[in-house]
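For reference, the structure discussed in these notes is given below.
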Amino acid sequence: MTLVVLALVPILVLCVMNRFIPGVNDLKDPLGRPSDLSNDIIYSASQFDVITGELDPKHKDLSQSIQVLTLVAGDLRKLTDAAGRLSGLAISVNDSTTGVSGIAGGLPAKIQQLTQRSDTAGPTVLTLAGSIQAVTDQLETVNVNLKTVGSTLATLGPRADSIAAVLATIEEEAAHVAELGPLLALLGPAVNGPQTPAPRDPGRPITPPASTAPPVAAATPGR
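Numbering (the numbering used here), first residue to last: 120 to 342.
Rendered as structure tokens:
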């Protein structure tokens, strides 16, 4: 009670000086509810921790995203440089397109001329095909004749040995006759008497004497 009485006097003095009339709430909580404020601060701090916990992984994701954005920015810079060079390339493409358009302008006439020439060349091609067919027929005929000659030569081949043997016999007999030639030259006039040469035909050339060389057999195909 002593403390209440001692404190009441300055309270009344302060209330009169500040023109403040305390109410029921002021009497119940003269310090302004500091417990509620403390609870609010504690709740806010806990919420801040929660927000911080959620922001931490987001901060990591944001860091990775920033690194990716850095690479994208580099690629974007290269793309911008390439886009800057596209202007000159577009001019070149435009010029080339103009040139191609000028060249293509003459193509219809060329195509029409080529078509006309193709139509003109059609009968010539047919005639040439007929000529080629005729040549083919002639070559076929020649092939048949060559086969006939080949078969004839094939039948002549076995006879070539007999002909060669006969020619060898003739050559041998001719050699014997050549050895007796001087003797026959001496005995002939003595036996037959002198002979006068036959009169020569003025229009007939003089035939040289036959050669004493042995005859040569004709070459046989395949031998």
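Where a beta carbon is used, it is the ideal one built from N, C-alpha and C, also for glycine. Nothing here was measured: the structure is a model prediction, and the numbers come from that model.
Just checking residue i against the ligand GTP - is the residue's beta carbon closer than 7 Å to any of the ligand's heavy atoms?
{"i": "Gly207", "result": "By its list of ligands, the structure shown contains no ligand whatsoever, and the ligand GTP lies outside what it can speak to."}
Here's a check: name, in chain order, each residue in its chain whose Cβ is nearer than 6 Å to the Cβ of residue i, leaving out the five neighbours to either side.
{"i": "Ile230", "result": "none"}
{"i": "Ala317", "result": "Its pLDDT being 48, under 50, Ala317 is placed unreliably in this model, and the value from its coordinates should be taken loosely. Nothing listed; no residue qualifies."}
In chain order, what residues of the same chain have a beta carbon less than 7 Å from the beta carbon of residue i, not counting five sequence neighbours either side?
{"i": "Leu125", "result": "none"}
{"i": "Pro141", "result": "Cys134"}
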